[in-house]
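Residue numbers (our numbering): 37 to 101.
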């Protein structure tokens, strides 16, 4: 796998949630710096080193009312 995509949304209670597309990976954070670290950690924990994606992409989704 060369890359993995996460959909990032604003969490109702503040901060962010991130869900991977096509994988059972979910994480959250209070700010963007923490989110980047948590996503990288979640990917490391989910994949063996030789199967880990080389690129992590975050796609931010905002609801417009």
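From the three backbone atoms N, C-alpha and C, an ideal C-beta is built for every residue, glycine too.
Minimum C-alpha distance to residue 55 - residue among 37, 92, 100 = 92
Just tell me which of 38, 46, 57, 72 has its CA closest to the CA of residue 97.
-> 46
In three-state DSSP terms, what is residue 45?
-> strand
Report buried or exposed for residue 71, applying the criterion of at least 16 other Cβ atoms within 10 angstroms of its Cβ.
-> buried
Below 8 Å between beta carbons: does that hold for residue 59 and residue 40?
-> yes
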